[in-house]
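*Asks:* Residue numbers (my numbering): 7 to 249.
Below are the structure tokens for one structure; questions will follow.
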Amino acid sequence: ETFNNADLFRIQIFASEMKQITIVVVSALLLVQVVNAFPLVKRDSVEVAEKEDNSVSIDSSAEDDPAKEKILIFLLGTIGKISKWGLENGSVMIKNAVKDLEKLPEKDELLQANITRMSKIAEEAASFKLDEDGNNILELFENIISFSNMLTDYEDMDDDSNLKLTLKTALENNGYDKYQSEFEERVVDAVEEFDTAFGEYVKGWSPEEKKKQAKLLDWYEELTNETDEEEKLDKFGEIFDLF
């Protein structure tokens with residue numbers, strides 16, 4: 007797989023028409039936020055800037071740079087693929103957990119509020135369909151952010167609280183642990199795929215381009231040399247500082 011065919015959802019970035027491309031969330035934020043929904047892979051050292059409206063702007067330095075533009079498209083496509091899988095499979099898990107929770111004879115106000123929220127987010131995730139031309143990929147990103155926020159809120163609950171224990175039972179009975187594990191594997195695999203694809207892509211760069219992208223190449227060398235899985239994910243997140 008190379009960057010030349012990596013527009014997984016035929017994402018179109020109209021650089022000639024826009025000096026700034028506002029995206030619901032840059033792929034770095036998506037990757038980190040979704041992964042951070044799971045406690046086993048929290049990456050505290052990865053820092054991303056998030057505005058209050060969950061949107062960030064990619065300035066013209068990336069869109070005026072063909073090399074960086076291709077990398078950005080590849081990253082957006084990869085994150086889109088992971089997000090699509092996460093919503094499709096996660097919505098089924100949450101829906102089934104909600105069914106179990108709704109059968110409980112006694113539900114206090116807080117539990118009911120969580121059930122309502124879970125049901126709403128799962129329904130939105132299940133009903134989402136990515137357009138063939140990728141025009142609604144921002145909506146995909148919005149959905150995965152809502153989904154990951156819900157899981158993060160669950161993970162942050164007091165482990166000994168009745169609410170956490172009740173939700174934990176319903177989620178784990180419906181495949182939460184398996185979902186978490188598979189999601190993490192897909193993220194790790196995506197980083198490895200990027201590593202390989204990037205290496206192939208830069209082989210075609212001219213000496214002038216390599217000099218121009220020196221910081222990016224230095225980052226890539228550090229990524230390639232990193233053998234620790236967690237540290238490699240941390241290093242991967244640093245690429246977005248270079249845009």
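Just so it is clear, CB atoms sit at the ideal spot from N, CA and C, and this is done for glycine as well.
This one's a predicted model, so the numbers in the text were calculated from it and none came from an experiment.
With a threshold of 16 other CB atoms inside 10 Å of the CB of residue 243, please say whether the residue is buried or exposed.
*Replies:* Residue mapping note: residue 243 aligns to position 237 of the sequence shown, counting from 1. Label assigned to residue 243: buried.
*Asks:* So residue 156 and residue 127 are supposed to be a Cβ contact under 8 Å. How far apart are they, rounded?
*Replies:* By one-based count along the sequence shown, residue 156 stands at place 150. By one-based count along the sequence shown, residue 127 stands at place 121. Correct: roughly 5 Å between the Cβ atoms.
*Asks:* On the three-state DSSP scale, how would you describe residue 163?
*Replies:* Stepping through the sequence shown from its first residue, residue 163 is reached at position 157. Note: residue 163 maps to coil in three-state DSSP.
*Asks:* Express the C-alpha separation of residue 207 and residue 218 in angstroms, rounding to a whole number.
*Replies:* Residue mapping note: residue 218 aligns to position 212 of the sequence shown, counting from 1. Residue mapping note: residue 207 aligns to position 201 of the sequence shown, counting from 1. Their Cα atoms are separated by approximately 15 Å.
*Asks:* For residue 188, which residues in the same chain have their Cβ closer than 8 Å to its Cβ, ignoring the five residues on either side in sequence?
*Replies:* Reading the sequence shown from its first residue, position 182 is the one you call residue 188. Taken in chain order, the residues that qualify are 95.
*Asks:* Measure the Cβ-Cβ separation of residue 93 and residue 151 and say whether it is below 8 Å.
*Replies:* For the purposes of this step, residue 93 is taken as residue 87 along the sequence shown, with counting starting at 1. For the purposes of this step, residue 151 is taken as residue 145 along the sequence shown, with counting starting at 1. For residue 93 and residue 151, no; Cβs fall outside 8 Å.
*Asks:* Under 8 Å by Cβ, that's how I've got residue 86 and residue 143 pegged, so tell me the actual separation to the nearest angstrom.
*Replies:* Translated into the one-based positions of the sequence shown, residue 86 becomes position 80. Translated into the one-based positions of the sequence shown, residue 143 becomes position 137. Rounded, the Cβ-Cβ distance is 6 Å, consistent with contact.
*Asks:* Can the beta-carbon of residue 172 be found closer than 8 Å to that of residue 117?
*Replies:* Within the sequence shown, residue 172 is the residue found at index 166, counting from 1. Within the sequence shown, residue 117 is the residue found at index 111, counting from 1. Yes.
*Asks:* Just mark residue 239 as buried or exposed, buried being the case when its beta carbon has 16 or more other beta carbons within 10 Å.
*Replies:* Along the sequence shown, read from residue 1 onward, the residue named residue 239 stands at position 233. Buried is the call here.
*Asks:* Would a check of beta-carbon distances place residue 236 closer than 8 Å to chain D?
*Replies:* In the structure shown, chain D does not exist; there is a single protein chain.
*Asks:* Would you call residue 231 buried or exposed, if buried means 16 or more other Cβ atoms sit within 10 Å of its Cβ?
*Replies:* In the sequence shown, counting from the first residue as 1, residue 231 sits at position 225. Residue 231 should be labelled exposed.
*Asks:* If I follow the unbroken alpha helix (DSSP H) through residue 243, where does it start and stop?
*Replies:* Position 237 of the sequence shown holds residue 243. It spans 235-243 - the alpha helix (DSSP H) in which residue 243 sits, taken as one unbroken run.
*Asks:* Looking only at its chain, what residues have a beta carbon closer than 7 Å to the beta carbon of residue 91, apart from the 5 residues adjacent to it on each side?
*Replies:* Walking along the sequence shown from the start, residue 91 turns up at place 85. Excluding positions up to five away in sequence, the list reads 192.
*Asks:* What separation, rounded to the nearest whole angstrom, lies between the Cα atoms of residue 226 and residue 88?
*Replies:* As a first step, residue 226 must be located in the sequence shown, where it is residue number 220. As a first step, residue 88 must be located in the sequence shown, where it is residue number 82. The alpha-carbon atoms of residue 226 and residue 88 are separated by roughly 22 Å.
*Asks:* Measuring alpha carbon to alpha carbon, tell me which residue in 167, 101, 247, 201 is nearest residue 123.
*Replies:* Within the sequence shown, the letter at position 117 stands for residue 123. Selected option, being the one with the closest Cα: 101.
*Asks:* Leaving out five residues before and five after residue 202 in sequence, what residues of the same chain have Cβ atoms less than 7 Å from its Cβ?
*Replies:* Indexing the sequence shown from 1 puts residue 202 at position 196. There are no such residues.
*Asks:* Would you mind working out which of 130, 106, 234, 224 sits nearest residue 194, comparing C-alpha positions?
*Replies:* As a first step, residue 194 must be located in the sequence shown, where it is residue number 188. With distances taken between Cα atoms, residue 194 lies closest to 234.
*Asks:* Whole-angstrom Cβ separation of residue 119 and residue 97, contact assumed at under 8 Å?
*Replies:* If you number the sequence shown from 1, residue 119 lands on position 113. If you number the sequence shown from 1, residue 97 lands on position 91. With 8 Å as the limit, residue 119 and residue 97 do not qualify as a contact, their Cβ atoms being about 19 Å apart.
*Asks:* Is the beta carbon of residue 3 sitting closer than 8 Å to the one on residue 176?
*Replies:* Absent from the structure is residue 3, since the part of the chain shown begins at 7 and ends at 249.
*Asks:* For residue 225, which of helix, strand or coil comes out of DSSP?
*Replies:* Counting from 1 along the sequence shown, the entry for residue 225 is found at position 219. Looking at residue 225 - three-state DSSP - the assignment turns out to be helix.
*Asks:* Can you give the beta carbon distance from residue 204 to residue 84, rounded, assuming they're within the 8 Å contact cut?
*Replies:* Working through the sequence shown from its first residue, we reach residue 204 at position 198. Working through the sequence shown from its first residue, we reach residue 84 at position 78. That belief does not hold up - the Cβ atoms of residue 204 and residue 84 are roughly 11 Å apart, past 8 Å.
*Asks:* Could you give the residue range of the alpha helix (DSSP H) that holds residue 173?
*Replies:* On the sequence shown, residue 173 is found 167 positions in, with the first residue counted as 1. Start and end: 168-178.
*Asks:* Give me, in chain order, the residues of the same chain whose beta-carbon lies closer than 7 Å to that of residue 170; leave out the 5 immediate sequence neighbours on both sides.
*Replies:* On the sequence shown, position 164 is the one that residue 170 refers to. Here the set comprises 163, 164.
*Asks:* Under a three-way DSSP split, which group does residue 211 fall into?
*Replies:* Here residue 211 is taken as the residue at index 205 of the sequence shown, counted from 1. Coil at residue 211, not helix or strand.
*Asks:* Could you give the DSSP three-state label for residue 199: helix, strand or coil?
*Replies:* Taking the first residue of the sequence shown as position 1, residue 199 is located at position 193. In the structure shown, residue 199 sits in a helix (DSSP, three-state: H, G or I).
*Asks:* With respect to the alpha helix (DSSP H) encompassing residue 120, which residues constitute its N-terminal and C-terminal limits?
*Replies:* Here residue 120 corresponds to residue number 114 of the sequence shown, with the count starting at 1. Per DSSP, residue 120 belongs to the alpha helix (DSSP H) from 115-133.
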